[in-house]
Amino acid sequence: DTGVSQNPRHKITKRGQNVTFRCDPISEHNRLYWYRQTLGQGPEFLTYFQNEAQLEKSRLLSDRFSAERPKGSFSTLEIQRTEQGDSAMYLCASSFAGNTEAFFGQGTRLTVV
Amino acid sequence: LAKTTQPISMDSYEGQEVNITCSHNNIATNDYITWYQQFPSQGPRFIIQGYKTKVTNEVASLFIPADRKSSTLSLPRVSLSDTAVYYCLVGPLYNNNDMRFGAGTRLTVKP
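From first to last, the protein sequence lines stand for chains S and G.
1 is the number of the first residue of the first sequence in the numbering used here; add one for each residue after it.
1001 is the number of the first residue of the second sequence in the numbering used here; add one for each residue after it.
Structure below.
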């Protein structure tokens, strides 16, 4: 296992289009987190899963955002009807439950034009 | 969740020891202190974690005074490759649902 993998690394999309990102966590980890990061800011928490259950969602996660983690393995983050303000780096992390040593992927950089 | 305050930026020179302090006046009894490092265009990387006194690993040391209202990340003999943003997080270890990152401290190491 080489760590947390995110795909694609970069995505350019037109405003109004839907996009989906994928995260493959470290296989033994039961927690999976999604964050969004804009230039000069720290990562902002979006949501997290424990196994397949989505246990918490930030108010930042509007109705246009949805995340899934079927079977408690990989996760997808979908953004519908993208807006220019959605342009950011989307980071995924995984950890064991009850451990704040989380491992992050390299992120997916989204640019909405 | 306890709020954290860190300096926005710090400069240092190669070979020096760098100390980055984080204030967390409202830290709770069951909160731990965790530090992450982030390079440009990469995800954050766990550096060190502690509850009280001193913790040391191969990368850094973490000093936590008795009142736990602050903590200091110490990087010995920094090099240019230590230029990064450093984040201090405070939260419970076993019920840490959402790790909250602040703006962090941007460390620049100069030759």
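Beta carbons: idealized from backbone N, C-alpha and C, even for Gly.
Check, Outcome
"Residue from Thr20(S), Pro70(S), Gly105(S) and Gly16(S) whose Cα sits closest to the Cα of Leu91(S)", "Gly105(S)"
"Short CB-CB distance (under 8 Å) between Pro43(S) and chain G", "yes"
"Euclidean distance between Cα positions of Ile1048(G) and Thr1072(G)", "11 Å"
"Cβ of Phe65(S) within 8 Å of any chain G Cβ", "no"
"8 Å Cβ cutoff, Phe104(S) in contact with chain G", "yes"
"Beta-carbon proximity list for Leu60(S), same chain, < 8 Å, skipping 5 on both sides", "Arg36, Glu44, Phe45 and Leu46"
"Three-state secondary structure assigned by DSSP to Ser66(S)", "strand"
"Per DSSP, the bridge partner or partners of Glu1014(G)", "According to DSSP, Glu1014(G) bridges with nothing at all."
"Any chain S beta carbon closer than 8 Å to Pro1065(G)", "no"
"Distance between Asn51(S) and Ser1012(G) (C-alpha atoms, nearest Å)", "42 Å"
"C-beta neighbour in chain G for Thr100(S), strict 8 Å", "yes"
"Given Thr1021(G) as reference, the closest of Pro1111(G), Val1109(G) and Lys1069(G) once Cα atoms are compared", "Lys1069(G)"
"Anticipated Cβ contact below 8 Å, Gly1091(G) with Asp1031(G), distance rounded", "6 Å"
"Pairwise C-alpha distance: Leu1075(G) and Ser66(S)", "39 Å"
"Contact list for Leu110(S) against chain G, beta-carbon separation under 7 Å", "By Cβ distance, chain G contributes nothing, its closest Cβ being about 14 Å from Leu110(S), past 7 Å."
"Check whether Ile1027(G) and Gly1050(G) have beta carbons under 8 Å apart", "no"
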